[in-house]
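Please read the structure below before turning to the comments.
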Amino acid sequence: MKKPVKWLGGKTWLAEKTQALINDIRPTRVIEPFAGSGAFSFYHEFESVLLNDTNRALINFYQRMAAGYEIDPSKYVLDKAFYEEVKAELNDALVTGRQLGEKEAGDFWFLCMHSFNGLVRQSKKKGTFNMPMGKYNSIATPPDSKNFQTVTRNWSFTCGCFSTTQAELADAQVAIIDPPYEDFDKKRKVFRGYTGDVNENLQSRIMHSLSDFDGVVIATNHLTPGLVNLYREHKFTIFTTMVKRSVSCKADGRVKVPEMVAFRGLSRNQLQLLNDNFEIYENTHE
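Put into structure tokens, the structure is as follows:
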């Protein structure tokens, strides 16, 4: 199924490019410690999935949809003042620590689907949403709640640090590692995610959390020498592909940049299944 919300950095492209590999692995249990839109798992409709994220509003949305909540689009209007009011109410719930419910799930969907270019952006200090409203001709069609329930009937959704999912890895065949973008070079601006996650030593912490996992790991990030070296040290095979990563309002401003896609736990034959959609990264002089 299509991912239920827009999300900058979503991995539908990765799901499409790894179709042959996933068909060969046929996993029954998949874990995404940095879920975001969960595009990879929603695309493949795995039997059992754990989607984890630090974004409380996002996880509440998933949980409410899984419980059968149906979004009523007639409650929302394409008006800037209304949009800002909805955003303020959701932010107040996040700042005060109120329990989030169906209303907040619907409001989160409305903000995500009608923001500028589908941008989901939160302040680093408070975690409040600050993305502006975009230009749309009509209210988006909400995700089908019955289809969502069917696909996710054996899924779970948790809100917390990625490290809390480490104990769950024992039952999984595949782990999708899609953390905020990291800039090991410190020389150029790189999208780091908008949730305010602490990135210090993040990649090393990720490697530690995967140290006892003998399943398949698929990790993505910006292609930098530091990341390439780190992942190679931990027995990953590095591939690259070109992806769009800009939120420019101009189509010609959305340039493609090289993405690192690292794989671990694959057989030689399985690695060959990637050759049609990825290029092996053979640079050994990083």
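Using the working numbering, you'd call the opening residue of the sequence shown number 159 and step up by one each time.
From the three backbone atoms N, C-alpha and C, an ideal C-beta is built for every residue, glycine too.
From which residue to which residue does the alpha helix (DSSP H) around residue i run?
{"i": "residue 210", "result": "No alpha helix (DSSP H) holds residue 210; the beta strand (DSSP E) holding it covers 206 to 211."}
{"i": "residue 190", "result": "Taken as a continuous stretch (DSSP letters only), residue 190 belongs to no alpha helix (DSSP H), being part of the beta strand (DSSP E) at 187 to 190."}
{"i": "residue 197", "result": "197 to 202"}
{"i": "residue 390", "result": "383 to 391"}
{"i": "residue 168", "result": "Here residue 168 belongs to no alpha helix (DSSP H), and DSSP marks it neither H nor E."}
{"i": "residue 308", "result": "303 to 309"}
{"i": "residue 262", "result": "260 to 271"}
Which residue wins for smallest C-alpha separation from residue i, given the options the options?
{"i": "residue 276", "options": "162, 177 and 400", "result": "162"}
{"i": "residue 198", "options": "399, 416, 216 and 176", "result": "176"}
{"i": "residue 362", "options": "321, 372 and 374", "result": "321"}
{"i": "residue 232", "options": "245, 285, 298 and 192", "result": "298"}
{"i": "residue 331", "options": "250, 208 and 164", "result": "208"}
{"i": "residue 392", "options": "376, 242 and 285", "result": "376"}
{"i": "residue 250", "options": "390, 236 and 287", "result": "287"}
{"i": "residue 186", "options": "206, 390, 296 and 172", "result": "206"}
{"i": "residue 370", "options": "386, 333, 172 and 384", "result": "333"}
{"i": "residue 244", "options": "184, 264 and 366", "result": "264"}
{"i": "residue 420", "options": "305, 378, 229 and 300", "result": "378"}
{"i": "residue 262", "options": "210, 230, 237 and 191", "result": "230"}
{"i": "residue 252", "options": "268, 418, 170 and 280", "result": "280"}
{"i": "residue 327", "options": "238, 191 and 268", "result": "191"}
{"i": "residue 236", "options": "268, 329 and 184", "result": "268"}
If I measure Cβ to Cβ from residue i and keep anything under 6 Å in the same chain, skipping five residues before and after, which residues do I get?
{"i": "residue 426", "result": "none"}
{"i": "residue 266", "result": "215 and 219"}
{"i": "residue 314", "result": "208"}
{"i": "residue 351", "result": "Here residue 351 scores only 47 on pLDDT, less than 50, and its place in the model is too uncertain to base an answer on."}
{"i": "residue 343", "result": "Reliability fails at residue 343, whose pLDDT of 47 lies under 50, so the model's placement of it is uncertain and the value that follows must be treated cautiously. Cβ within range, chain order: 382."}
{"i": "residue 273", "result": "289 and 292"}
{"i": "residue 178", "result": "431"}
{"i": "residue 302", "result": "none"}
{"i": "residue 174", "result": "none"}
Roughly how many angstroms separate the alpha carbons of residue i and residue j, rounded to a whole number?
{"i": "residue 316", "j": "residue 255", "result": "16 Å"}
{"i": "residue 432", "j": "residue 240", "result": "46 Å"}
{"i": "residue 270", "j": "residue 434", "result": "33 Å"}
{"i": "residue 247", "j": "residue 292", "result": "19 Å"}
{"i": "residue 390", "j": "residue 373", "result": "17 Å"}
{"i": "residue 189", "j": "residue 221", "result": "16 Å"}
{"i": "residue 140", "j": "residue 319", "result": "Outside the shown range of the chain (159 to 444) lies residue 140, about which nothing can therefore be said."}
{"i": "residue 295", "j": "residue 223", "result": "25 Å"}
{"i": "residue 284", "j": "residue 428", "result": "43 Å"}
{"i": "residue 200", "j": "residue 307", "result": "12 Å"}
{"i": "residue 172", "j": "residue 423", "result": "17 Å"}
{"i": "residue 234", "j": "residue 365", "result": "43 Å"}
{"i": "residue 300", "j": "residue 228", "result": "8 Å"}
{"i": "residue 312", "j": "residue 278", "result": "27 Å"}
{"i": "residue 368", "j": "residue 418", "result": "18 Å"}
{"i": "residue 439", "j": "residue 180", "result": "21 Å"}
{"i": "residue 360", "j": "residue 335", "result": "12 Å"}
What first and last residue would you give for the beta strand (DSSP E) that runs through residue i?
{"i": "residue 291", "result": "Run containing residue 291: none; DSSP gives neither H nor E here."}
{"i": "residue 233", "result": "Careful: residue 233 lies outside any beta strand (DSSP E) and carries neither H nor E."}
{"i": "residue 416", "result": "414 to 422"}
{"i": "residue 380", "result": "374 to 380"}
{"i": "residue 314", "result": "314 to 317"}
{"i": "residue 402", "result": "395 to 402"}
{"i": "residue 333", "result": "332 to 335"}
Between which residues of its own chain and residue i is the CB-CB distance below 7 Å, once the five residues before and five after are set aside?
{"i": "residue 414", "result": "400, 401 and 402"}
{"i": "residue 195", "result": "161, 163, 165 and 168"}
{"i": "residue 203", "result": "159 and 309"}
{"i": "residue 182", "result": "428 and 431"}
With a CB to CB cut of under 8 Å and the five nearest residues on each side skipped, what residues in its chain are close to residue i?
{"i": "residue 355", "result": "With a pLDDT of only 49 at residue 355, under 50, the local geometry of the prediction cannot be trusted, and the value read off the model is given with reservation. Answer for residue 355: 212, 337 and 338, listed in chain order."}
{"i": "residue 325", "result": "none"}
{"i": "residue 259", "result": "218 and 222"}
{"i": "residue 437", "result": "397, 398 and 399"}
{"i": "residue 242", "result": "291"}
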